[in-house]
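First to last, the sequence lines map onto chains P and L.
If you count the first sequence from 1, position 245 lands on 245 in the numbering used here, and the numbers rise without skipping.
Here the numbering used here = 1-based position in the second sequence + 246.
Cβ coordinates follow ideal geometry from the N, Cα and C atoms, glycine included.
Protein chains: 2
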Amino acid sequence: MMEATRSTAKTIDFDSFRQMALLSMEDICVEIFHENQQSIKIKKETVAVRNLVNIFYTTLRLSNEKGFQTMSLRDLSGASGLSMGALYSCFSSKDELLEMIQKQGRRITRKVLFDHLDQKDPPRKKMRTLIRVHLYLTEVMQPWFYFAYMETKNLDKAQRKRSVESELFTEQVFNGIQQEGQNAGVYRPIDSVLTSGAVNALLQDWYVKRWKYSRRKVSVEDYARFVISFVESAILSEAAPGDTEK
Amino acid sequence: MMEATRSTAKTIDFDSFRQMALLSMEDICVEIFHENQQSIKIKKETVAVRNLVNIFYTTLRLSNEKGFQTMSLRDLSGASGLSMGALYSCFSSKDELLEMIQKQGRRITRKVLFDHLDQKDPPRKKMRTLIRVHLYLTEVMQPWFYFAYMETKNLDKAQRKRSVESELFTEQVFNGIQQEGQNAGVYRPIDSVLTSGAVNALLQDWYVKRWKYSRRKVSVEDYARFVISFVESAILSEAAPGDTEK
DNA sequence: GTCTATAGTGCGATAGAC
DNA sequence: GTCTATCGCACTATAGAC
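Laid out in structure tokens, this is it:
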């Protein structure tokens with residue numbers, strides 16, 4: 001039997017991430033149902049979740065095509081097959097529907113990133129893991145992340161602030177790892193704030209410009225390898241050893 | 247008197263770019279007036295341009311706050327001080343207003359990038375110039391580019407296609423330079439399509455996340471230097487000489 | 001729980017006075 | 001050229017039948 005403790009464990013790949021994360025639309029909707037039971041008039045979980053799955057799936061599809069504001073609830077009703085009445089028994093206003101989706105996206109991001117980050121790992125491995133996990137997560141939940149990215153404007157002031165905080169938090173994590181690496185001499189002493197922003201921009205490109213990568217037949221594994229090597233060429237100190245992984 | 251021909255000329259900086267480009271709101275509106283005279287009922291140039299400046303300025307401000315679809319023409323009327331009638335004497339529908347802004351943005355981008363790109367320059371200098379000019383341009387016209395980026399969804403199918411083509415064109419230019427550099431042995435033989443996409447993502451971050459860089463007091467010159475060194479560390483071949491410029 | 005019908009609001013767009 | 005007044009329509013949200 002092997003000791004499953006240390007950082008020498010094999011790098012996570014996309015398929016095992018997908019199985020581990022259990023991020024199906026249904027799992028997410030069960031959570032949303034329990035969190036918003038005061039706004040949801042339906043009391044039976046099976047019925048509520050069935051409708052929520054339908055509503056979120058359809059909302060993401062229509063909104064990501066033509067924008068949340070442009071999508072009328074009549075559009076949503078028609079495309080989902082639910083009547084206006086059925087829709088309003090799952091949320092109390094169109095704005096609340098928007099908030100539900102945004103809020104859930106943020107919660108999952110935070111949870112998944114934390115779950116996969118092992119503080120005992122050395123900085124270079126942490127950085128690689130974080131890049132991989134972020135890409136895998138946004139690959140599995142692409143419509144969610146695209147929606148969150150594009151529809152921030154439609155949130156009220158308070159929700160908007162949470163959205164900004166969420167973005168800065170992710171960069172903060174990258175920044176921390178990079179400073180740790182600089183102190184250990186693995187990374188070159190270059191501006192870690194700008195670099196973290198750059199890494200973030202490269203990660204966001206994966207789900208914001210998904211059409212481009214699909215068209216070019218670039219897989220998420222391809223892109224993960226590319227980002228890691230692109231970023232490492234820029235930040236690794238000259239003395240650092242070559243690629244040791246994979 | 248000096249010969250102003252060759253590529254040894256000093257690298258362009260932001261202030262001289264700004265003076266050279268003549269991209270004031272008014273200059274742009276004069277062009278728009280002449281291009282859309284069939285849709286614009288006002289015949290006197292001075293009056294039409296005065297109103298167009300007001301309308302575009304206000305539209306960009308309101309839309310970039312809460313989205314073009316969410317901004318009603320009554321909002322626009324109130325914020326600009328023009329009546330509904332005055333608005334409709336400058337465009338024939340809300341959608342046309344959207345198209346005017348998008349179209350003009352694309353035209354200026356193409357023109358400015360071409361004007362500043364000297365085909366006789368060596369690839370490394372071309373790449374640096376292109377990064378700088380792109381950043382300077384999007385700095386001067388930030389609201390325009392942010393608007394174009396966020397409101398693509400609201401365009402009709404034909405206009406949307408032009409928008410996608412415009413994005414791919416910019417990447418194509420970077421891709422061409424990179425291949426030229428690889429053939430010359432200046433750049434390493436890494437995937438030039440992925441790399442061009444990465445450069446594009448870093449350039450877009452400058453105007454899409456403008457709030458972040460403002461808050462951190464990063465100037466456009468700071469960011470240009472950072473992007474150039476970040477990208478060059480990743481793509482320069484090991485044999486290439488160090489920084490020779492500035 | 002889910003439907004249809006409808007109330008009430010605010011939109012884009014236009015006509016006609018000035 | 002610019003204004004105000006107004007048309008017709010589509011929207012969000014709700015009420016009441018089943």
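Taking C-beta pairs closer than 9 Å, name the residues in chain L that residue 102 of chain P reaches, listed in chain order. Numbered from 1 along the first sequence, position 102 holds the residue referred to as residue 102 of chain P. Those do not exist, as residue 102 of chain P stays about 15 Å from chain L at its closest Cβ, beyond 9 Å.
Alpha-carbon spacing of residue 342 of chain L relative to residue 265 of chain L, whole angstroms: Indexing the second sequence from 1 puts residue 342 of chain L at position 96. Indexing the second sequence from 1 puts residue 265 of chain L at position 19. Near 31 Å, if we compare the C-alpha coordinates of residue 265 of chain L and residue 342 of chain L.
Does any residue of chain P have a CB that is nearer than 7 Å to the CB of residue 399 of chain L? Looking up residue 399 of chain L in the second sequence gives position 153. Yes - at least one Cβ of chain P is within 7 Å of the one on residue 399 of chain L.
Three-way DSSP call (helix, strand, coil) for residue 87 of chain P in this model: For the purposes of this step, residue 87 of chain P is taken as the residue at position 87 of the first sequence. In this structure, residue 87 of chain P counts as helix in the three-state DSSP scheme.
In chain P, which residues lie with their C-beta within 7 Å of the C-beta of residue 472 of chain L? For the purposes of this step, residue 472 of chain L is taken as residue 226 along the second sequence, with counting starting at 1. In chain order: 191 and 194.
Please state whether the Cβ-Cβ distance between residue 527 of chain L and residue 471 of chain L is less than 7 Å. With chain L covering 247 to 492 only, the question about residue 527 of chain L has no answer from this structure.
DSSP three-state assignment for residue 130 of chain P, whether helix, strand or coil: As a position in the first sequence, residue 130 of chain P is number 130, starting the count at 1. The answer is helix: DSSP assigns residue 130 of chain P an H, G or I state.
Listed by chain order, chain P residues near residue 340 of chain L by CB distance under 9 Å: Here residue 340 of chain L refers to the residue found at position 94 of the second sequence. Chain P residues near residue 340 of chain L: none, gap ~12 Å exceeds 9 Å.
Within 10 Å of its beta-carbon, does residue 258 of chain P have 16 or more other beta-carbons around it, so buried, or fewer, so exposed? No answer is possible for residue 258 of chain P: the residues shown for chain P start at 1 and end at 246.
For residue 252 of chain L, would you say it is in contact with chain P, using Cβ-to-Cβ distances shorter than 7 Å as the test? Here the question's residue 252 of chain L lines up with position 6 in the second sequence. For residue 252 of chain L, the predicted model reports a pLDDT of 49, less than 50, meaning its position is unreliable; a value from the coordinates is still stated below. Residue 252 of chain L does not count as touching chain P.
Under the assumption that residue 434 of chain L contacts residue 475 of chain L (Cβ atoms under 8 Å), give the Cβ distance between them as a whole number of angstroms. Locating residue 434 of chain L in the second sequence gives position 188, where the first residue counts as 1. Locating residue 475 of chain L in the second sequence gives position 229, where the first residue counts as 1. 16 Å between Cβ atoms; not a contact.
With DSSP as the reference, label residue 344 of chain L as helix, strand or coil. Counting from 1 along the second sequence, the entry for residue 344 of chain L is found at position 98. Here residue 344 of chain L sits in helix by DSSP.
Assigned secondary structure, residue 158 of chain P (DSSP; H/G/I helix, E/B strand, else coil): In the first sequence, residue 158 of chain P corresponds to position 158, counting from 1. Of the three classes helix, strand and coil, the one that applies to residue 158 of chain P here is helix, per DSSP.
When the cut-off is 7 Å and only beta carbons count, does residue 313 of chain L lie next to chain P? To locate residue 313 of chain L, count along the second sequence from 1; it is residue 67. Cβ-Cβ to chain P under 7 Å: yes for residue 313 of chain L.
Spatial neighbours of residue 287 of chain L within its chain, please: C-beta separation below 6 Å, excluding the five flanking residues on both sides. Taking the first residue of the second sequence as position 1, residue 287 of chain L is located at position 41. Within the same chain, residue 287 of chain L has close Cβ partners 335.
Starting from residue 462 of chain L, find everything on chain P with Cβ-Cβ shorter than 7 Å and list it in chain order. Reading the second sequence from its first residue, position 216 is the one you call residue 462 of chain L. In chain order: 193.
With 9 Å as the limit, tell me which residues of the region 389 to 414 of chain L have their beta carbon closer than that to any beta carbon of chain P; keep them in chain order. 396, 397, 399, 400, 410, 413 and 414
Please name the residue in P:124, P:205, P:120 and P:93 whose C-alpha comes closest to that of residue 142 of chain P. Reading the first sequence from its first residue, position 142 is the one you call residue 142 of chain P. Nearest option by C-alpha distance: P:205.
If you follow the alpha helix (DSSP H) that residue 391 of chain L is in, where does it begin and where does it stop? For this step, residue 391 of chain L is matched to residue 145 along the second sequence. Start and end: 388 to 396.
Is the beta carbon of residue 276 of chain L less than 7 Å from the beta carbon of residue 377 of chain L? On the second sequence, position 30 is the one that residue 276 of chain L refers to. On the second sequence, position 131 is the one that residue 377 of chain L refers to. No, these two residues do not count as a Cβ contact at 7 Å.
Can you tell which of P:199, P:37 and P:26 has the C-alpha that lies nearest to the C-alpha of residue 127 of chain P? As a first step, residue 127 of chain P must be located in the first sequence, where it is residue number 127. Residue 127 of chain P has its Cα closest to that of P:199, out of P:199, P:37 and P:26.
Would you report the Cα separation of residue 302 of chain L and residue 123 of chain P, rounded to the nearest angstrom? As a working mapping, residue 302 of chain L is identified with position 56 in the second sequence. As a working mapping, residue 123 of chain P is identified with position 123 in the first sequence. Computed Cα separation, rounded: 48 Å.
So, helix, strand or coil for residue 482 of chain L, using DSSP? Sequence index remark: in the second sequence, residue 482 of chain L carries index 236 (1-based). Correct three-state label for residue 482 of chain L: strand.
Listing by chain order, which chain L residues have their CB less than 8 Å from the CB of residue 70 of chain P? On the first sequence, position 70 is the one that residue 70 of chain P refers to. Simply 315, 399 and 400.
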